[in-house]
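Scroll down for the structure; my scribbles are underneath it.
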Amino acid sequence: MRVLVIGQGGREHAIAWKLRQSPLVKELYAAPGNAGIAQVADCVNIGVADIIELADFAEKLRIDLTVVGPELPLTLGIVDEFQKRGLTIFGPTRLASELEGSKVFSKEFMRKYNIPTADSAVCVSVDEAKAALKSMKYPAVIKVDGLAAGKGVVIVESSKDADEYLRLVFEEKRFGNAANRILVEEYLTGEEVSFMVLTDGKKFVPLAPAKDYKKAFDGETGPNTGGMGSHSPAVVLSGQTAADIVKNIVVPTIDGMASEGRPYTGCLYVGLMLTESGPKVLEYNCRFGDPETQVQMLRLEDDLADVMLKIARGNLGDTKLNWKKEAAACVVVAVEGYPDDFPKGQEVAIDPIDDEAVQIFHAGVINKGGKMINVAGRVANVCARGATLSEALGKAYAAVPKVRFEGARYRRDIGYLALQRKQDSGALPAVTS
Ligand code: AMP
Ligand code: GLY
Numbered sequence: 177m178r179v180l181v182i183g184q185g186g187r188e189h190a191i192a193w194k195l196r197q198s199p200l201v202k203e204l205y206a207a208p209g210n211a212g213i214a215q216v217a218d219c220v221n222i223g224v225a226d227i228i229e230l231a232d233f234a235e236k237l238r239i240d241l242t243v244v245g246p247e248l249p250l251t252l253g254i255v256d257e258f259q260k261r262g263l264t265i266f267g268p269t270r271l272a273s274e275l276e277g278s279k280v281f282s283k284e285f286m287r288k289y290n291i292p293t294a295d296s297a298v299c300v301s302v303d304e305a306k307a308a309l310k311s312m313k314y315p316a317v318i319k320v321d322g323l324a325a326g327k328g329v330v331i332v333e334s335s336k337d338a339d340e341y342l343r344l345v346f347e348e349k350r351f352g353n354a355a356n357r358i359l360v361e362e363y364l365t366g367e368e369v370s371f372m373v374l375t376d377g378k379k380f381v382p383l384a385p386a387k388d389y390k391k392a393f394d395g396e397t398g399p400n401t402g403g404m405g406s407h408s409p410a411v412v413l414s415g416q417t418a419a420d421i422v423k424n425i426v427v428p429t430i431d432g433m434a435s436e437g438r439p440y441t442g443c444l445y446v447g448l449m450l451t452e453s454g455p456k457v458l459e460y461n462c463r464f465g466d467p468e469t470q471v472q473m474l475r476l477e478d479d480l481a482d483v484m485l486k487i488a489r490g491n492l493g494d495t496k497l498n499w500k501k502e503a504a505a506c507v508v509v510a511v512e513g514y515p516d517d518f519p520k521g522q523e524v525a526i527d528p529i530d531d532e533a534v535q536i537f538h539a540g541v542i543n544k545g546g547k548m549i550n551v552a553g554r555v556a557n558v559c560a561r562g563a564t565l566s567e568a569l570g571k572a573y574a575a576v577p578k579v580r581f582e583g584a585r586y587r588r589d590i591g592y593l594a595l596q597r598k599q600d601s602g603a604l605p606a607v608t609s
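Counting in my numbering, the sequence shown runs from 177 upward without gaps.
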C-alpha cells in the first residue's frame, strides 16, 4: 500500500523508519519530512497545517493510509477532512483531539468522568486567577487553555512570579486567543511517566511505557522542553500501577469520549504524575510522544502499518503488540540555547552507523542547498537498544559524537536515576477494553 506520514520531527522519522520495514508498505511519502525521513520516504513540500493541500495530495496519489504525527493538524481537523473524502487516516478527529487542544475541556472531562487529576480552577481574568491562587500553595501551576507550542505551562514559585506570568498572558496577550481561558492548578509531586495506547475508539492496546526527560538540564533543572531524552521500559512503573492506570484512567477516557459523542481513535498519550495518592493525569496528548516514540519503535516487534490500518478502519479487534525484551534509550542532541533563543541554519553532520540497534533519528534538520542545516532546537535523537537499560544508554551515549554541529548540547544524566532502581520487566497489563 501507499502510506503518507505527516510531520517533520524525530518522532515522524522513527514512525517512517518502522513503517518502511513493513512488507505491506510499497510506497512511503512524508510531508514535509526532514533530512532523515528523506532517507526512508519520498518527501513532499507541504506543511503540516496545509490540510486541504495534504488531502488533495493523498487523493491524487491514492494514498491508502495517512499517519499524522503532530497535534496541530489534528486539532485543525485533518482527520475530518480526510474522512469526508473517504481517505483512510490514523488519528483523532478535531473534536476528539480537544483532549490536547483545550486544557479546559480536558480538565472538565476528567472531572465529569472521575479521572484522577490535579485540582484546578478555570480563570478568564487576572483577578479570577489571583483569587484562585490565594486558595493554593506555591509552587502552583498555570496553564494556557489552547496549544502554545509547549510554552503554555509554567510552574510559579511565588505570587510575584504568578503576577508576572498573568501579566504576560492577560495584558501582553503573549499567547493570543489560546489564553482566553487559563487553568490555575495544584502542583503535583512524584515521578512522571508517559502511558500511550492505540485505540479504535472501542478497543485499545497499550504501547510499552516510556519515560521522558522534559527539563532542559541535568538533575531535572531548567525550563521544560519538548523532551531531552527517553527510555523504555519506563522503570518507574510497576505492572500493578500500569494496570491501575488502564482501569482508572485509560478505560474511562476512551469510554467517556465515546459517550461525549467524540469517539477517540489513534494514539492517546496520557502524561501522568505518580503521586503518593496514585497516578494522576497531568495532560493528554492526541498523538504519539516525542521522544518516547523513538524508543518504542526500536522495541516494537509487530508490523506498525498493519496495526495502524486496523485502527484507522475501526477494527483493532483483539490485536496485541509484542515488544522486544531489550531496553531502548534516546538522547536528544539540541542546540545551545534551546528551548529559549537558539541559532537556526547551523550546518549539521550526522555520521552513518552500521548497527540496526543504534539509530539516529533526525529531528529539526533539513537538506538545503546540498547541506544539512538545523531548523529547530532539537536536532537529532540518538537511540539505541541493549540487553539492559544500562547497555542501551551506554550505546546511545557512545553514538552521540556522530552528531556534529556548533553548539551541540545534550543531557548527560538520561536514565541515571532509573538505573539506580531495580529495573522492572516492562511488563504490560494484560488488559484491553
Ligand atoms: P502539560 O503540558 O500539562 O503536561 O505540562 C507540561 C509539564 O509541566 C508536565 O510534563 C509536568 O512536568 C509539568 N506539570 C504540568 N502540570 C503539573 C502539575 N499539576 N504539577 C506539577 N507539574 C506539572
Ligand atoms: N515528550 C512529551 C510530548 O510528546 O509531549
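We treat Cβ as the ideally placed atom computed from N, Cα and C, and that holds for glycine.
In the DSSP assignment, find the beta strand (DSSP E) that holds residue i and state where it starts and stops.
i    : result
V617 : With the chain represented from 177 up to 609, any question about residue 617 goes unanswered, as that position is not in the structure.
F537 : 534-538
L263 : Here L263 belongs to no beta strand (DSSP E), and DSSP marks it neither H nor E.
A297 : 296-299
V244 : 241-244
K544 : 541-544
K547 : 547-550
M484 : Looking at the DSSP string, M484 is not in any beta strand (DSSP E); the run it does join, the alpha helix (DSSP H), is 480-488.
L595 : No beta strand (DSSP E) contains L595, which is instead part of the alpha helix (DSSP H) from 592-596.
L413 : Premise fails: L413 is in no beta strand (DSSP E) and is neither H nor E.
Cα separation between residue i and residue j?
i    : j    : result
L383 : V373 : 5 Å
G583 : A324 : 26 Å
Y314 : I358 : 17 Å
G212 : D339 : 43 Å
G465 : R554 : 14 Å
V635 : K202 : Missing from the structure shown is residue 635; the chain here goes from 177 to 609 and no further.
V369 : P467 : 13 Å
G591 : D232 : 43 Å
D431 : G377 : 8 Å
A594 : V412 : 7 Å
Y586 : S453 : 33 Å
A563 : I228 : 45 Å
E567 : D531 : 14 Å
D589 : G395 : 7 Å
P605 : L485 : Because the pLDDT at P605 is just 49, under 50, the model does not fix this residue reliably, and the value given afterwards should be weighed accordingly. Roughly 24 Å separates the two Cα atoms.
Do you know whose CA, among the options, lies nearest residue i's CA?
i    : options                : result
R270 : I487, M433, L413       : M433
N471 : A419, Y289, R561, E347 : Reading off the sequence, residue 471 comes out as Val, not Asn. It is R561.
A234 : L359, Q259, C506       : Q259
A354 : E361, F346, E396       : F346
R438 : T251, A410, D420       : T251
Q215 : I549, N543, R585       : N543
K236 : I526, G405, G262       : G262
P409 : K378, E188, A505       : A505
E512 : A552, I536, D479, M548 : A552
N400 : H407, S406, K391       : K391
N424 : G209, P292, D240, V244 : P292
G183 : T242, R196, S198       : T242
V446 : I239, G395, G402, F371 : F371
P268 : C443, C559, R597       : C443
K306 : I222, M177, R343       : R343
D295 : S301, K327, L364       : L364
S273 : T441, Y514, C219       : T441
From the DSSP output, in three-state form, read off residue i for me.
i    : result
A210 : The identity of residue 210 in the sequence shown is Asn, whereas the question assumes Ala. Note: N210 maps to coil in three-state DSSP.
A503 : strand
E276 : helix
A217 : coil
T269 : coil
R187 : helix
I626 : Outside the displayed range of the chain (177 to 609) lies residue 626, so it cannot be described from this structure.
A510 : strand
S566 : helix
V255 : helix
N498 : coil
V471 : helix
G432 : helix
I421 : helix
A324 : coil
I227 : helix
L204 : strand
I'd like the span of the alpha helix (DSSP H) that includes residue i, first residue to last.
i    : result
S408 : No alpha helix (DSSP H) contains S408, which is instead part of the beta strand (DSSP E) from 405-408.
V302 : 302-310
From the beta carbon of residue i, is the nearest beta carbon of chain B less than 9 Å away?
i    : result
L458 : Given the protein chain composition of this structure (a single chain), no chain B is represented.
At which residue ranges does the region 327-403 contain complete alpha helix (DSSP H) runs of 4 or more residues, listed in the order of the chain?
Qualifying alpha helix (DSSP H) stretches, in chain order: 335-342.
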